[in-house]
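Letter by letter, the sequence shown follows residues -24 to -1, 1 to 550 of mature numbering (1 follows the signal peptide of the UniProt record, and there is no 0).
The beta-carbon is built from N, C-alpha and C at its ideal position, and this holds for glycine as well.
Note that the structure is predicted; figures quoted are calculated from it, not measured.
What follows is one structure encoded as C-alpha cells, with my remarks underneath.
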Amino acid sequence: MSFNKFSVLLLSVAASFHTATTLAQTEQADLILRNGKIYTGNSRQPWAEAVAIKAGKIVAVGPADQVMGYRTGDTIVVDLDSKMAMPGINDAHAHPTWGGLKQLFQCNFPASSTPVQIKERIGACIKDQPQSQWIRGGQWSAEFFQRNGIDSPRQWLDAISADKALLLTDDTGHNIWANSKAMGLLNINADTQAPKGSSFEKNPTTGEFTGILLEANGYIKSKLPDWSDAQYLQAAQYAVALANSFGITGIKDADANENVARAFYTLDQQAGLSAHVGVAIRISDEHKKNIFDMPQIMRIRDSYRSRHVNTNFAKIYLDGVPTSARTAAMISPYKPDERTHADNQHGHLLLNVDELKSALVELDKQGFTVKIHAAGDQAIRTSLDAIEAMRKVNGNSGLKPELAHAEFIDPADLPRFARLNAAADFSPYIWYPSPISDAIESVVGERARQAWPTRDLLDSGVTIVAGSDWPSVVPDLTPWNAIEALVTRRDPSGQHAGALWPQQAIKLGEALGIFTQNGAQALGAGELTGSIEVGKSADIIVLNQNLFAVPVDEISETRIVSTYFEGNKVYPAQ
C-alpha cells in the first residue's frame, strides 16, 4: 500500500484521532507514548496518536494534545517518532519451554543440515558432554534419509557413536531417530510392542529396526531422565525473553506437563513473567493405560494457576503429521510409501470418536478449553463429530475447542466449525511453496495444494487463532513471516516461486486480528488484552515500519523497536 493510500486511510478515521477515549481525568499517567501511528485493533477507534498508561493499564487513547493532559511531573513520556505501535502479539500455539530446553541443553542443528554437518555437530556435542550418557537434539526432516541414500538410519548413527545413546527429534516434534545404544537402553527389541498410535519402523527386507520411531516422542520422553526444576525454570525464562524480543506478550504452551506448569508458576511468583501464559496440560500420553486421569489434570491446574498463568487448558493428540511418516488421519489414502512398500495408508486416529467425546464432555464440564491436534481431514471430521456429541450432552458452555493445525478440511466440514463454536488453530509459518510443502505433496498428492482454507473459514464465521508451533519446523518465534504468509500465501524469503492456494489469502487487518484479539481470547484473556483500549493491559509493541505503508512482501522484514508488558518496557531489557 502506498503512503498516499495510507494517508487516505488515516483521513477516513480522522475522528478517532481527535476524540480521545479516556478514564476520568483524575487518573494521572505513569507513562505516555506519543507521536505515533498507533493501530489499536479497536474498530470503534482504529488509530490514535498517543496512549496514557497508569499502573499497567491503559487510561487514555487518542490525539496527543488530549492524552498529554494525563501528564504530571513524574510521567515518563516516550516520543514514538511517528513509528507504528500496535497491541502485543499473542501466540496461541507454541512449545516455549521445550524450545528453551532445546536451545539451552540439547544438540541442535537445522533440518536443512547435510549428513556431513550432522556428523560434525553430533561429534562436537559428544566432545562437549563427555559425562553424558544421552545426547539429545535435532532437527531432521522426514525426507533426509531417502534424499541422502541412508537405508539404515540406526546404523548410520552407530557409525558416529556406538557408546553414546543418540536421540534426535524430527522437525515436527513427533518422531525420533535413535541409534542402537539408545534403543537398547530404552529396551526396544524384537519383542517390543510400540504403544498405541506409535510404530517402530522396520526394514521391509531384513525386518531389522531402522531406528525411526514414529509418533513416539511422548513415549520416549517418559523413559528418559527428566530435566531438573532449575533447567525448566531457566528454559521458561529464556523462552519468554525471546518471545518479548519478537513482540509477543501472550503465549500458550500447547503441550505442557507438570514441570512446565511449575516453571511458569514459579517465574510468575518471582515477578519474572513478562507475558500472559496459557498452559495446555497434555492428557493423552498414548503409553498410559488411563490417559484421562482427571484428578491429576485438575490438581495440576489448581496448583499452578497464578496472576499471569492460566491453566484452564488441555491438549489431546488425535493424529500425527502428513509427512513421509503418514500419521495424519486422512479420509483418502496417502500415496504409496516407497521406503516401506506400504500401500492404502490413511494414517491413524489415536482415539476413536467415542473416546474423544467422553474426554471432551468431562473436560468441558470442568472448565477446560481443549486443544486437539488434528492435521488430517479425517481427524478434523472426528474432532467435530466428538464436539457435536459433547454439545448435545453439555450444551454450549461458551468454551471454544481448538482444532490444531487443521491442515486439510473437507469442504463439508467447513460450516461445522462455526455451528459448533470450534476454532481453527493454524500455524501459518510454512504456508507457501517450500521444501516442506513439496514433501507434503509427495505423500498426499495434489491435496497439498489446498491446505489451510483461511479465507473460506473466515467467510464462514469461524474463529481462527494462530501460533508458531516453535520449536517445531520454524527456527524462532517471529510472527511476521506468518502474517505475511497469511496475506500473500507466498514465500517471505523469495526463495521459492508461486503461491500456495492464493485464493485463501486474507487482508492484513484480519491477519493482525488473528494474532492479537483472537490470540488473547484463546488465552482466556480477551477482556484483558489483545487491543489498545482504555481499561486493558498496556501490552504494546513499537515496530520499525508501518505495516500498512510498506508493500505486503516486506511485512516479514518487521523488527521490534520496543515491547511493553503491563506498561513496563521488557524489550530491549532495561
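Rounded to whole angstroms, the Cβ separation of residue 463 and residue 487 is 6 angstroms, and the two are in contact under 8 angstroms. Shown here, residue 368 sits in a helix according to DSSP, grouped into three states.
Annotation: residue 193 to residue 14 spans about 43 angstroms, alpha carbon to alpha carbon. Straight-line measurement puts the Cα of residue 9 at about 48 angstroms from the Cα of residue 105.
Burial is judged here by how many other beta carbons sit within 10 angstroms of a residue's own beta carbon; residue 52 has fewer than 16 and is exposed. Excluding residues up to 5 positions away in sequence, 59, 60, 61, 62, 223, 534, 535, 536, 537 lie with their Cβ nearer than 8 angstroms to the Cβ of residue 519 in the same chain.
Taking a cut-off of 8 angstroms on C-beta distances, the segment 474 to 487 does not touch the segment 230 to 250, as fewer than three cross pairs fall below it.
Around the C-beta of residue 118, 16 or more other C-beta atoms lie within 10 Å, and the residue is accordingly described as buried. Within its own chain, the residues whose Cβ lies closer than 8 angstroms to the Cβ of residue 203, once the five positions on either side in sequence are excluded, are 77, 81, 211, 235, listed in chain order.
Between residue 359 and the set 326, 370, 373, the nearest pair of CA atoms involves 326. Distance from the CA of residue 146 to the CA of residue 121, rounded to the nearest whole angstrom, comes to 12 angstroms.
Annotation for residue 143: the continuous beta strand (DSSP E) segment containing it runs 141 to 146.
In this structure, residue 348 lies near residue 294, with their beta-carbon atoms less than 7 angstroms apart.
Buried is the label assigned to residue 72, since at least 16 other Cβ atoms lie within 10 Å of its Cβ.
Here the alpha carbons of residue 5 and residue 37 stand approximately 12 angstroms from one another. With contacts defined as CB atoms closer than 7 angstroms, residue 438 and residue 394 qualify as a contacting pair. Rounded to the nearest angstrom, the gap between the Cα atoms of residue 389 and residue 151 is 29 angstroms. Under the three-state reduction of DSSP output, residue 38 falls in the strand class.
Counting only residues of its own chain and dropping the five nearest sequence neighbours on each side, residue 378 has a CB closer than 6 angstroms to the CB of 347, 399, 401. When 298, 307, 364, 27 are compared, the shortest CA-CA separation from residue 329 is found for 364.
With fewer than 16 other CB atoms across the displayed protein chains lying within 10 angstroms of its CB, residue 163 is exposed. 7 angstroms or more divides the Cβ of residue 228 from the Cβ of residue 258. Each of 107, 449, 213 was checked against the Cα of residue 297, and the nearest Cα belongs to 449. For the options 29, 17, 70, the alpha carbon positioned closest to that of residue 447 is the one of 70. Comparing alpha carbon positions, the residue from 470, 20, 233, 93 closest to residue 198 is 233.
In the DSSP assignment, residue 293 falls within the unbroken beta strand (DSSP E) covering 285 to 293. As the crow flies, the alpha-carbon of residue 209 is around 13 angstroms from that of residue 79. Within its own chain, the residues whose Cβ lies closer than 8 angstroms to the Cβ of residue 95, once the five positions on either side in sequence are excluded, are 136, listed in chain order. Of 281, 302, 30, the smallest CA-CA separation from residue 514 is found for 30. By the criterion of a C-beta distance shorter than 6 angstroms, residue 170 is surrounded in its chain by 176, once the five residues flanking it on both sides are discounted.
Within the model, the alpha-carbon separation for residue 517 versus residue 183 is close to 56 angstroms.
Rounded to the nearest whole angstrom, the C-alpha separation of residue 337 and residue 255 is 20 angstroms. Secondary structure at residue 7: strand, using DSSP grouped into helix, strand and coil.
Bridge partners of residue 120 according to DSSP: none are assigned.
Under DSSP, residue 379 takes part in a beta bridge, and its partners are 348, 400. Annotated three-state conformation of residue 203 is coil, per DSSP.
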